[in-house]
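Note sheet for the following structure.
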Amino acid sequence: MSQTLRISTAGVRGIVGPGLEGKHALEFAAAFSVFLPQEGPVLLARDPRASSDMLREGVIASLLASGRDAVDLGLVSTPVLQHAIRERAAAGGISIGASHNAAPWNALKFFGSNGTYLNSGEAAEFLDIYHLRRFRFVGWEEVGKLSFATDAVEHYLAALEAVFDIGKLRGVRLVADCSSGLSSILLNRLREKHGLNLTLLNASLENKHFSHEPNTTARNVNLMLGPVVEALGADLGVLFDMDSDRIAVCGRDGKAVSEELVLPLLADYQLARLPGRLVITNLSTTALLEDIAAQYGGEVVRVPVGRQHAMDALAIYAADRIAIAGEGTGAVMLPEFRFVYDGMASLLALMSLMVERGKTLGELVAAWPAYDMRKHEVPLDAKRIPLLMMRLEERYHDFARDTRDGLRVTLPYGWFHVRVSNTEPVVRIIVETRGNGAEELARELLSEVAAYA
Amino acid sequence: MREHLLKIGVSGIRGVVGEFLTPLLAADFAQAFGTYVGHGRVVVGRDTRFTGPMIEHAVACGLLAAGCEVVRLGVQPTPTIQIYIAETGAAGGLGITASHNPPEYNALKLFNHEGLFFNHYERSELLDLFHQSDFYQARNEEIAGCREDEASPRERHVRKILPHVDVERIRARRFRVALDGVNGAGSRMSVWFLTEILGCELHAIHVDPTLPFPREAEPKPETLGELTALAKRENCDIGFGQDPDGDRLAVCDGAGEMLDNDDVLALAIEAALARAPGDVAVNLTTSNVVEDVAARYNRRVYRAAVGEANVVERMRSVQALIGGEGSSGGIIFRGVHHCRDSYTGMALILDRMAATGKTLRELAEGLPHYARRSGKTSFVHGRLGGLMLAMEKRYPEAKLDRTDGLKLIFEDAWIHLRASNTEPILRVAVEAREDARAEDLFGDAMALLKS
Numbered sequence: 002m003s004q005t006l007r008i009s010t011a012g013v014r015g016i017v018g019p020g021l022e023g024k025h026a027l028e029f030a031a032a033f034s035v036f037l038p039q040e041g042p043v044l045l046a047r048d049p050r051a052s053s054d055m056l057r058e059g060v061i062a063s064l065l066a067s068g069r070d071a072v073d074l075g076l077v078s079t080p081v082l083q084h085a086i087r088e089r090a091a092a093g094g095i096s097i098g099a100s101h102n103a104a105p106w107n108a109l110k111f112f113g114s115n116g117t118y119l120n121s122g123e124a125a126e127f128l129d130i131y132h133l134r135r136f137r138f139v140g141w142e143e144v145g146k147l148s149f150a151t152d153a154v155e156h157y158l159a160a161l162e163a164v165f166d167i168g169k170l171r172g173v174r175l176v177a178d179c180s181s182g183l184s185s186i187l188l189n190r191l192r193e194k195h196g197l198n199l200t201l202l203n204a205s206l207e208n209k210h211f212s213h214e215p216n217t218t219a220r221n222v223n224l225m226l227g228p229v230v231e232a233l234g235a236d237l238g239v240l241f242d243m244d245s246d247r248i249a250v251c252g253r254d255g256k257a258v259s260e261e262l263v264l265p266l267l268a269d270y271q272l273a274r275l276p277g278r279l280v281i282t283n284l285s286t287t288a289l290l291e292d293i294a295a296q297y298g299g300e301v302v303r304v305p306v307g308r309q310h311a312m313d314a315l316a317i318y319a320a321d322r323i324a325i326a327g328e329g330t331g332a333v334m335l336p337e338f339r340f341v342y343d344g345m346a347s348l349l350a351l352m353s354l355m356v357e358r359g360k361t362l363g364e365l366v367a368a369w370p371a372y373d374m375r376k377h378e379v380p381l382d383a384k385r386i387p388l389l390m391m392r393l394e395e396r397y398h399d400f401a402r403d404t405r406d407g408l409r410v411t412l413p414y415g416w417f418h419v420r421v422s423n424t425e426p427v428v429r430i431i432v433e434t435r436g437n438g439a440e441e442l443a444r445e446l447l448s449e450v451a452a453y454a
Numbered sequence: 007m008r009e010h011l012l013k014i015g016v017s018g019i020r021g022v023v024g025e026f027l028t029p030l031l032a033a034d035f036a037q038a039f040g041t042y043v044g045h046g047r048v049v050v051g052r053d054t055r056f057t058g059p060m061i062e063h064a065v066a067c068g069l070l071a072a073g074c075e076v077v078r079l080g081v082q083p084t085p086t087i088q089i090y091i092a093e094t095g096a097a098g099g100l101g102i103t104a105s106h107n108p109p110e111y112n113a114l115k116l117f118n119h120e121g122l123f124f125n126h127y128e129r130s131e132l133l134d135l136f137h138q139s140d141f142y143q144a145r146n147e148e149i150a151g152c153r154e155d156e157a158s159p160r161e162r163h164v165r166k167i168l169p170h171v172d173v174e175r176i177r178a179r180r181f182r183v184a185l186d187g188v189n190g191a192g193s194r195m196s197v198w199f200l201t202e203i204l205g206c207e208l209h210a211i212h213v214d215p216t217l218p219f220p221r222e223a224e225p226k227p228e229t230l231g232e233l234t235a236l237a238k239r240e241n242c243d244i245g246f247g248q249d250p251d252g253d254r255l256a257v258c259d260g261a262g263e264m265l266d267n268d269d270v271l272a273l274a275i276e277a278a279l280a281r282a283p284g285d286v287a288v289n290l291t292t293s294n295v296v297e298d299v300a301a302r303y304n305r306r307v308y309r310a311a312v313g314e315a316n317v318v319e320r321m322r323s324v325q326a327l328i329g330g331e332g333s334s335g336g337i338i339f340r341g342v343h344h345c346r347d348s349y350t351g352m353a354l355i356l357d358r359m360a361a362t363g364k365t366l367r368e369l370a371e372g373l374p375h376y377a378r379r380s381g382k383t384s385f386v387h388g389r390l391g392g393l394m395l396a397m398e399k400r401y402p403e404a405k406l407d408r409t410d411g412l413k414l415i416f417e418d419a420w421i422h423l424r425a426s427n428t429e430p431i432l433r434v435a436v437e438a439r440e441d442a443r444a445e446d447l448f449g450d451a452m453a454l455l456k457s
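From first to last, the protein sequence lines are chains A and B.
Every number in this note's numbering is 1 more than the matching position in the first sequence, counting from 1.
Every number in this note's numbering is 6 more than the matching position in the second sequence, counting from 1.
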């Protein structure tokens, strides 16, 4: 069965048409209105996909019918929306857009009054309202009103300027690939305001045909961004996904730095300023984080993969104990931005690191111990997963195991993690070793998994 | 009687917004509509109800999801929307308006590619699609997007009307006109039309589309007290009352006396026939006064079942020049568009006054007098046939017309009985040459029906 619709604590995501329909926008927005504990408007952002216009209409209709005012921020990225929710003391926000997915996809993401993703408890309650269809549509006199706000980007930029000394970053020759998405709006303004030395690629918003899949993968970095960086002799290349919540990067050589290294780079920047604090990440990210944390007397807290687990962990620890949170996908949250996955803040932090240390990206990365990582995915047969996990546990029972999210095994020379994806019907296998050897371990695991898939 | 808070049927979808008419229903219905008209360009307009924007967003969602391009006209009268559809070659259109229903209601009016109301077959096919949830689900690359056009619709509408009246002659008279726009979709357009286009001296009330309806939405003598007082106070030549979506027209004279809607239709017919030859089609409940007017020009009157779509279908089949529904204040003029249009009505009547130099009262007095009575009574489902049969037996001398309910036609009078499409009530209309005869027949019929 091809699964083209996914409803989870992360929201709803699917291929528009055969999976995600207009009715999902209407029903989720109606449920969200009931779920939100406080009065007040709901803010909306969307990406440039054609289907985002369709979903937006449905979301607005249900918000108004539920007695909520809606404030449309227009074509702005998710971090801009999250910032606006807090600044305008809104009841919540809905982001319409499928960030790193290809053009046929779309998604709705939901944010509470603090501008963050819902934690597990909140998301469960929200989904209960959706599934039980506990919608509450008001009488004609109480129907909400739609208004528009055009200043969200400027307010967001002001927040970035309060944290980063952007004028100091002019010396970095930067090339940015915007993936036909929303980062171009922010980057153009930053260049205007601060004179950044910036070349933009794929900077026009596209609704149907993206320049490339808007995913922050090494493949996409090497496709266009890398060669341009090399040809221009730039210092840094950055690739944004469609809604600019995550990044991938390359240095002068134009070769993609593993997306796994974005979080360690920024952890280095943050821990140097905030030593002894925690790094929150998931079970699938590089062990390099432990090395870096140790250097600054910090500690790594690992949680199951998925945004809601990171949100739950953030809810447990006081904000002033945390240096950084993020995943190996290039999605990173900084406490200065109240834990919002924010590609633009990530970029500015990385540039600040390069300027402050006076080092190139290549030099920063080269200073670290070398790890070898492999990621694979195998199509899922859900019924056979438990058998597979039992078999793997049996086989590696001599080693330290973590079973909170599939199986993560720590080996003397590295680790591996086998788990079921939250967003796609696949089993993911992640293997990392110090030095070489990842290839061999990955092959071994793949043959085990293939027997059960 | 049960309250009908939601009705999904051959007339589309209508209901009390909130608990009954939800955005989910509106979006589904629009998606069924978009699927039915084949993913083309669909025009959407609305009246001034508070719930209009909400329903419009739901409708846009459903239409976009069906792969339609959406052209949003904003707040526009229903005839203006219909004309726009025909003029721009759209695949169809939706009017978000509950017409004369109270403000807690809203509804979708369905128009085909000619800008005409869906006929019976179109409506039932659409309804089947809706009930089967058999909607087209467009993929991202098939989603067309929305366009807005709020300025050109009224221009297109007025351009259709002007060739059929003598504008300079009307302007030269500088008529003093009173207007009650019920803060409806036509409010602003009416002010512009009467002053800028027809050069009238306008005394207008309730022409702010941002405010709620100030009175019961149906334009009838009981609800137009403010208009008649205004017309009298300002010594106007004529007063016009509109409904929220600008299709119906009620008229009063300078003394503040309301004209019967049947007489208004008769005057419009006279105005049209005086300029160009043509036949007439009206519904069964419309007064015989239209027959008398048509006879002055040796033209025929055709009768149709009640309902705009039925009258329009009849007009088209007999190629009638003008028609309408007397009782509801609907004037339909082929030269403009096959739709009820208060603007065409205003223009024709002012043109007639300008052409003849007569006051409205003089024109009305030139029409033969008929006495009219109407009422309604509830009935128990299943007993309707028995009631009709009893009426037939009671009046063996009458000729019978069963086109729509039962019409009993006498030498000097008629009785028309028909069940409402929307509620279990029986509507009774009586007309006679003499007041006493109308009174007798009406009292007699009602007594029989209630027994």
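C-beta atoms are modelled at their ideal positions from N, C-alpha and C, and glycine is treated no differently.
All of these numbers come straight from a predicted model, not from anything done at the bench.
Query: Neighbour flag for B:Met60 against chain A, beta carbons, 8 Å; Result: yes
Query: Any C-beta of chain B under 8 Å from that of A:Met55; Result: yes
Query: A:Leu335 classed as buried or exposed, judged by whether at least 16 other C-beta atoms fall within 10 angstroms; Result: buried
Query: Three-state secondary structure assigned by DSSP to A:Trp369; Result: coil
Query: Interface partners of B:Thr28 on chain A, CB under 7 Å; Result: Ala66 and Phe138
Query: DSSP state of B:Tyr349 mapped onto helix, strand, coil; Result: helix
Query: Buried/exposed call for A:Ile317, threshold 16 Cβ in 10 Å; Result: exposed
Query: Beta-carbon contacts of B:Ala442 that lie in its chain and below 6 Å, excluding the five residues immediately before and after; Result: none
Query: Ordered list of beta strand (DSSP E) runs contained in the segment 364-420 of chain A, each at least 3 residues; Result: 372-380, 401-403 and 408-412
Query: Per-residue contacts from A:Ile61 into chain B (C-beta, under 7 Å); Result: His63
Query: Buried versus exposed call for B:Arg20 [16 or more other C-beta atoms within 10 Å across all chains shown]; Result: buried
Query: Cα-Cα separation between B:Ile338 and B:Ala272, rounded to whole angstroms; Result: 12 Å
Query: Host beta strand (DSSP E) of B:His422 (start-end); Result: Ala419 to Ala425
Query: is_contact[A:Met2, chain B] using C-beta, thresh 8 Å; Result: At A:Met2 the pLDDT is 40, less than 50, meaning the model places this residue with poor confidence and gives no usable figure here.
Query: Members of the segment 138-158 of chain B that neighbour chain A once the beta carbon cut-off is set at 7 Å; Result: Gln143, Ala144, Arg145, Asn146, Glu147, Ile149, Gly151 and Cys152
Query: Enclosing alpha helix (DSSP H) for A:Gly127 [first to last residue]; Result: It is Phe, not Gly, that sits at residue 127 of chain A in the sequence shown. Per DSSP, A:Phe127 belongs to the alpha helix (DSSP H) from Ser121 to Leu133.
Query: Length of the line joining the Cα atoms of B:Glu440 and B:Arg378; Result: 9 Å
Query: First through last residue of the beta strand (DSSP E) which encompasses B:Val77; Result: Glu75 to Val81
Query: Residues, ordered as in the chain, of the segment 189-212 of chain A that lie near chain B by beta-carbon distance below 9 Å; Result: Asn208, Lys209 and His210
Query: Rounded straight-line distance, which links the Cα of A:Gly196 to that of A:Ile167; Result: 9 Å
Query: Closest by C-alpha distance to A:Ala346, when choosing among A:Leu279, A:Glu231 and A:Val164; Result: A:Val164
Query: Validate contact between the segment 253-273 of chain B and the segment 143-161 of chain B using beta carbons, cut 8 Å, 3 pairs; Result: no
Query: Cβ neighbour criterion (16 or more within 10 Å) applied to A:Lys169; Result: exposed
Query: Any chain A beta carbon closer than 8 Å to B:Glu25; Result: yes
Query: Candidates B:Ala64, B:Ala72 and B:Gly73, of which the one nearest A:Ala66 by Cα; Result: B:Ala64
Query: A:Thr217 beta carbon less than 8 Å from that of A:Glu155; Result: no
Query: is_contact[B:Thr57, chain A] using C-beta, thresh 8 Å; Result: yes
Query: B:Pro218 versus B:Asn189 - alpha carbon distance; Result: 7 Å
Query: Extent of the continuous alpha helix (DSSP H) run through A:Asn189; Result: Ser184 to His195
Query: Chain-order list of residues whose beta-carbon lies under 8 Å from that of A:Ala99 (same chain, five-residue window excluded); Result: Arg14, Asp48, Arg50, Trp106, Asn107, Ala108 and Met243
Query: Where A:Gly23 meets chain B, residues with beta-carbon distance less than 8 Å; Result: Ala33, Gln37, Cys67, Gly68, Leu70 and Ala71
Query: Minimum C-alpha distance to B:Asn427 - residue among B:Asp418, B:Asp410 and B:Ile421; Result: B:Asp410
Query: B:Leu356 vs B:Phe141 beta-carbon contact at 8 Å; Result: no
Query: Through-space distance from A:Ala288 to A:Glu364, alpha-carbon basis; Result: 20 Å
Query: Identity of the residue in B:Ala150, B:Ala453 and B:Val171 nearest B:Ser384 by Cα; Result: B:Ala453
Query: C-beta neighbour in chain A for B:Met7, strict 8 Å; Result: At B:Met7 the pLDDT is 35, less than 50, meaning the model places this residue with poor confidence and gives no usable figure here.
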